[in-house]
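In order, the protein sequence lines correspond to chains Z and G.
Note that UniProt numbering numbers the first sequence so that position 90 is 90, with each residue one more than the last.
Note that UniProt numbering numbers the second sequence so that position 23 is 23, with each residue one more than the last.
One structure is given here, and the rest of the page talks about it.
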Amino acid sequence: MLYAVLCYDAESEVNAWSKELDAKVMADLGAVNQRYAEAGKLGPVARLMPTTAAVTVRKGATDDIIMDGPFAETKEQFLGFFVLDVETLEEAITFARELSAVNPANGTYEVRPLQYFNPGVPIT
Amino acid sequence: MTELAWIDLALTSARPQAMGALLRYFRDLDMAEEAYQEACLRALKTWPDKGPPRDPAAWLIFVGRNSGIDQVRKRARHQPLPPEEVLSDLEDTESDLADRLDGAHYRDDILRLLFVCCHKDLPATQQIALALRIVSGLSVRQIARAFLVSEAAMEQRITRAKAKVGAAGIPFETPDAVARAERLGLVAAMIYLVFNEGYSAGVPDKADTPFCAEAIRLARLLLKLFPAEPEIMGLTALLLLQHSRLAARFDKDGQIVLLEDQDRSLWDRSLIDEALVLIDKAIRHRAPGAFQIQAAIAALHARAKTAAETDWFEIDLLYQTLERLQPSPVVRLNRAVAVSKREGPEAALALIEPLADKLNGYFYFHGLRGGLLKQLGRYGEAHEAFDRAIALATSSAEAAHIRQHLDSMQRERAAAEK
Numbered sequence: 001m002l003y004a005v006l007c008y009d010a011e012s013e014v015n016a017w018s019k020e021l022d023a024k025v026m027a028d029l030g031a032v033n034q035r036y037a038e039a040g041k042l043g044p045v046a047r048l049m050p051t052t053a054a055v056t057v058r059k060g061a062t063d064d065i066i067m068d069g070p071f072a073e074t075k076e077q078f079l080g081f082f083v084l085d086v087e088t089l090e091e092a093i094t095f096a097r098e099l100s101a102v103n104p105a106n107g108t109y110e111v112r113p114l115q116y117f118n119p120g121v122p123i124t
Numbered sequence: 001m002t003e004l005a006w007i008d009l010a011l012t013s014a015r016p017q018a019m020g021a022l023l024r025y026f027r028d029l030d031m032a033e034e035a036y037q038e039a040c041l042r043a044l045k046t047w048p049d050k051g052p053p054r055d056p057a058a059w060l061i062f063v064g065r066n067s068g069i070d071q072v073r074k075r076a077r078h079q080p081l082p083p084e085e086v087l088s089d090l091e092d093t094e095s096d097l098a099d100r101l102d103g104a105h106y107r108d109d110i111l112r113l114l115f116v117c118c119h120k121d122l123p124a125t126q127q128i129a130l131a132l133r134i135v136s137g138l139s140v141r142q143i144a145r146a147f148l149v150s151e152a153a154m155e156q157r158i159t160r161a162k163a164k165v166g167a168a169g170i171p172f173e174t175p176d177a178v179a180r181a182e183r184l185g186l187v188a189a190m191i192y193l194v195f196n197e198g199y200s201a202g203v204p205d206k207a208d209t210p211f212c213a214e215a216i217r218l219a220r221l222l223l224k225l226f227p228a229e230p231e232i233m234g235l236t237a238l239l240l241l242q243h244s245r246l247a248a249r250f251d252k253d254g255q256i257v258l259l260e261d262q263d264r265s266l267w268d269r270s271l272i273d274e275a276l277v278l279i280d281k282a283i284r285h286r287a288p289g290a291f292q293i294q295a296a297i298a299a300l301h302a303r304a305k306t307a308a309e310t311d312w313f314e315i316d317l318l319y320q321t322l323e324r325l326q327p328s329p330v331v332r333l334n335r336a337v338a339v340s341k342r343e344g345p346e347a348a349l350a351l352i353e354p355l356a357d358k359l360n361g362y363f364y365f366h367g368l369r370g371g372l373l374k375q376l377g378r379y380g381e382a383h384e385a386f387d388r389a390i391a392l393a394t395s396s397a398e399a400a401h402i403r404q405h406l407d408s409m410q411r412e413r414a415a416a417e418k
């Protein structure tokens with residue numbers, strides 16, 4: 001069974017960490033990752049940029065609505081994610097709009113750049 | 001992380017929100033600060049036992065407000081208590097309070113708190129000191145050290161700034177869209193001042209100058225409150241880009257390393273990436289502004305893998321746009337650097353010579369002028385310009401940098417005379 005483990009925290013506090021503390025936390029997390037990666041059990045790992053770097057694509061009445069900032073509703077739930085390697089934010093937004101166009105649901109796509117990415121080992 | 005470190009971090013990050021709300025309740029900076037201090041003391045006592053509250057800012061506001069009201073009551077002991085309906089909402093539970101303090105409320109509270117530091121009668125240094133003291137919560141000692149003045153002098157400076165702000169009257173009405181935009185512009189400029197104070201201090205020892213990191217924290221906070229403001233994206237991006245070069249800006253002896261000589265592998269890629277995204281976001285709004293353009297210029301430097309690959313043509317164009325938007329001799333001076341790379345020192349010199357009157361007291365003017373004259377082989381004039389720059393240098397690193405120029409010029413001259 002594949003599992004996604006999602007990390008939540010108050011970013012105003014995490015962003016206020018000193019560089020040294022941040023590096024230490026990343027190293028400690030990395031050590032845990034390492035053990036699971038060596039056992040062939042860990043896929044991609046990502047750290048997202050602050051929510052201020054996000055834009056959110058939503059279906060509007062006539063056209064998509066693209067808003068600055070993260071997804072902020074609580075009545076919808078986190079259902080899935082994609083990792084995309086493109087040159088510009090514009091391209092990433094286009095991808096999100098294409099997903100939205102073929103998705104009959106009224107969901108929202110938040111486009112958030114990654115700060116750190118490790119593709120991990122192949123898992124199936 | 002130790003418990004104390006965790007609490008300290010939570011208090012620091014909740015401070016602007018809590019102080020902003022307490023200022024709204026008490027309409028007085030000193031009272032708001034006292035109430036906040038009291039709430040922090042109680043947090044230090046109760047959080048270790050009871051665990052952290054779910055929303056530290058709401059907790060601090062609730063406790064701070066009650067302790068402040070206690071103080072008011074004690075002071076007004078001989079006066080009749082306020083009518084019951086005013087007091088009745090003191091019994092609100094913490095969760096009620098949290099519900100009422102929605103995002104919009106927080107937003108104007110924090111903006112107001114930042115805005116009172118930008119009072120037009122306050123000189124830049126006092127604006128910076130006040131913001132770092134009240135909004136960021138740096139100690140007077142930390143601020144005094146960065147400004148190279150005694151703690152007592154800084155204390156006095158901050159007290160005077162507070163008195164001026166208080167006398168002018170703090171605006172408590174909810175701002176309309178125009179007033180809000182105006183406040184936002186002034187606050188953005190103030191945050192940039194805070195950053196520049198740290199940046200130009202030129203102290204490679206970062207622990208002593210938390211100003212840059214603090215300015216970035218404030219810019220991010222502002223962007224979170226106003227997520228669709230392209231100029232705030234620009235400001236944040238600009239600060240991130242300038243800060244990304246921190247590790248490369250000084251050599252091991254503390255001497256300035258020029259942008260073109262910096263080891264680009266020392267630049268902080270993750271700050272650069274974040275800034276590039278923010279610029280992409282800002283461009284979507286098609287509402288260019290001074291911060292966005294400056295960020296775009298900084299981004300062109302950040303994108304160049306080597307100094308030789310810098311897109312000086314685009315940088316020159318961006319400076320021209322900036323000049324149209326915000327004509328200033330300093331912008332022209334910066335543009336001259338791009339022109340010197342594109343067209344040579346002669347063209348750049350022609351561009352800056354008319355600025356001599358306005359920028360006569362400006363270190364960078366004489367530094368750049370000296371550099372251009374030196375390139376043209378006009379050593380005598382270059383020497384004079386460098387001497388003038390050294391006299392105007394505001395840090396030893398700046399002066400040392402110009403002396404390096406003089407030394408290399410002497411070597412060039414000696415070689416030329418052989």
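Every residue, glycine too, gets a C-beta built ideally from N, C-alpha and C.
For residue i, which of the options has the nearest alpha-carbon?
i: A348 of chain G; options: G:S150, G:D316, G:Q326; result: G:D316
i: L29 of chain G; options: G:N334, G:R160, G:R73, G:V149; result: G:R160
i: V86 of chain Z; options: G:V277, G:L225, G:I134, G:F26; result: G:V277
i: A168 of chain G; options: G:C118, G:Q156, G:A35, G:Y364; result: G:C118
i: Q292 of chain G; options: G:K341, G:I390, G:L235; result: G:L235
i: F82 of chain Z; options: Z:C7, Z:V32, Z:F95, Z:T74; result: Z:F95
i: R157 of chain G; options: G:Q320, G:Q294, G:V140, G:E231; result: G:V140
i: L186 of chain G; options: G:K120, G:A308, G:E38, G:E417; result: G:K120
i: A21 of chain G; options: G:A35, G:A10, G:T12, G:T310; result: G:A35
i: D9 of chain Z; options: Z:Y109, Z:K75, Z:L48, Z:E76; result: Z:L48
i: A296 of chain G; options: G:Y319, G:E309, G:Y362, G:L392; result: G:Y319
i: Q126 of chain G; options: G:L359, G:D109, G:A163; result: G:A163
i: P354 of chain G; options: G:F363, G:E343, G:R332, G:Q375; result: G:R332
i: A389 of chain G; options: G:P210, G:V63, G:A415, G:G361; result: G:G361
i: Q255 of chain G; options: G:L392, G:I128, G:A397; result: G:A397
i: T174 of chain G; options: G:H105, G:V165, G:R145, G:F147; result: G:H105
i: R217 of chain G; options: G:R303, G:V339, G:L240; result: G:L240
i: Q71 of chain G; options: G:Y25, G:D109, G:M31, G:D108; result: G:M31
i: L222 of chain G; options: G:D49, G:D251, G:L114, G:R145; result: G:L114
i: E343 of chain G; options: G:S328, G:D357, G:L376, G:P327; result: G:L376
i: G80 of chain Z; options: Z:S100, Z:I66, Z:K24; result: Z:S100
i: E155 of chain G; options: G:G166, G:I143, G:A57; result: G:I143
i: V45 of chain Z; options: Z:V102, Z:L6, Z:L89; result: Z:L6
Would a C-beta distance cut-off of 7 Å place residue i and residue j closer than the cut-off?
i: G43 of chain Z; j: I93 of chain Z; result: no
i: L368 of chain G; j: P345 of chain G; result: no
i: I191 of chain G; j: A215 of chain G; result: yes
i: H124 of chain G; j: L193 of chain G; result: Position check: residue 124 of chain G holds Ala in this sequence, whereas His was assumed. A contact, by the Cβ cut-off of 7 Å.
i: L351 of chain G; j: A336 of chain G; result: yes
i: T52 of chain Z; j: R284 of chain G; result: no
i: A18 of chain G; j: I69 of chain G; result: no
i: I237 of chain G; j: A275 of chain G; result: Per the sequence shown, the amino acid found at residue 237 of chain G is Ala instead of Ile. Result yes, Cβ atoms of A237 of chain G and A275 of chain G sit closer than 7 Å.
i: A43 of chain G; j: G64 of chain G; result: no
i: residue 471 of chain G; j: R15 of chain G; result: No information on residue 471 of chain G is available, as it lies outside the stretch 1 to 418 that chain G covers here.
i: A385 of chain G; j: A393 of chain G; result: no
i: V55 of chain Z; j: D64 of chain Z; result: no
i: G30 of chain Z; j: V121 of chain Z; result: no
i: N118 of chain Z; j: K59 of chain Z; result: no
Is any heavy atom in the ligand HEM found nearer than 6 Å to the beta carbon of residue i?
i: A302 of chain G; result: Among the components modelled here there is no ligand, and therefore nothing to report on the ligand HEM.
Residues in the stretch 33 to 67 of chain Z having any Cβ partner in chain G nearer than 8 Å: For chain G, the residues of the stretch 33 to 67 of chain Z that bring a beta carbon within less than 8 Å of one of its beta carbons are M49, P50, T51, T52, A53, V55, I66, M67, in chain order.
Would you mind listing the alpha helix (DSSP H) stretches within the stretch 259 to 315 of chain G that are 4+ residues and don't spill past its ends, in chain order? 269 to 283, 290 to 303, all fully within the stretch 259 to 315 of chain G.
- When Cβ atoms are compared, which residues of the stretch 82 to 108 of chain Z fall closer than 8 Å to chain G? T88, L89, E90
Short-range partners of chain Z found in the stretch 208 to 228 of chain G, where Cβ spacing is below 8 Å: R217, R220, L221, L223, K224, P227, A228
### Message
Extract the residue ranges of the beta strand (DSSP E) inside the stretch 20 to 102 of chain Z, only unbroken runs of 3 or more that lie entirely within it.
### Response
45 to 48, 55 to 58, 65 to 68
query: Using a Cβ cut-off of 7 Å, which residues of the stretch 3 to 17 of chain G contact any Cβ in chain Z, in chain order?
result: L9, A10, T12, S13
* Quick one, which residues of the stretch 273 to 284 of chain G are near chain Z if we go by CB-CB under 8 Å, in chain order? -> For the stretch 273 to 284 of chain G, which is checked against every Cβ of chain Z, the residues closer than 8 Å are D273, E274, V277, L278, D280, K281, R284.
Chain A contacts from the stretch 111 to 122 of chain Z (Cβ-Cβ distance under 8 Å): Included in the structure are the protein chains Z and G, with no chain A among them.
* Cβ contact check for the stretch 23 to 38 of chain Z and the stretch 55 to 73 of chain Z: 3 or more pairs under 8 Å -> no
ask   = So does the stretch 132 to 150 of chain G actually touch the stretch 170 to 179 of chain G, counting three or more Cβ pairs closer than 8 Å?
value = Contact between the stretch 132 to 150 of chain G and the stretch 170 to 179 of chain G is absent: fewer than 3 CB-CB pairs across the two stretches fall below 8 Å.
What beta strand (DSSP E) runs, 3 residues minimum, are completely inside the stretch 172 to 199 of chain G? none
request  = Output, in sequence order along the chain, the residues in the stretch 7 to 25 of chain Z whose CB is closer than 8 Å to any CB in chain G.
outcome  = A10, S12, E13, N15, A16, W17, L21
At least three beta-carbon pairs within less than 8 Å, the stretch 243 to 263 of chain G to the stretch 3 to 19 of chain Z: They do not touch, by the three-pair rule.
Checklist entry - Which residues, taken in chain order from the stretch 110 to 138 of chain G, show a beta carbon closer than 9 Å to some beta carbon of chain Z? => result none
query = Which full runs of the alpha helix (DSSP H) of 4+ residues lie inside the stretch 344 to 411 of chain G, going along the chain?
reply = Listed in chain order, the complete alpha helix (DSSP H) runs (minimum 4 residues) inside the stretch 344 to 411 of chain G are 345 to 352, 363 to 375, 379 to 392.
Q.
Please list, in chain order, the residues of the stretch 244 to 276 of chain G that have any C-beta partner in chain Z closer than 8 Å.
A. S270, D273, E274
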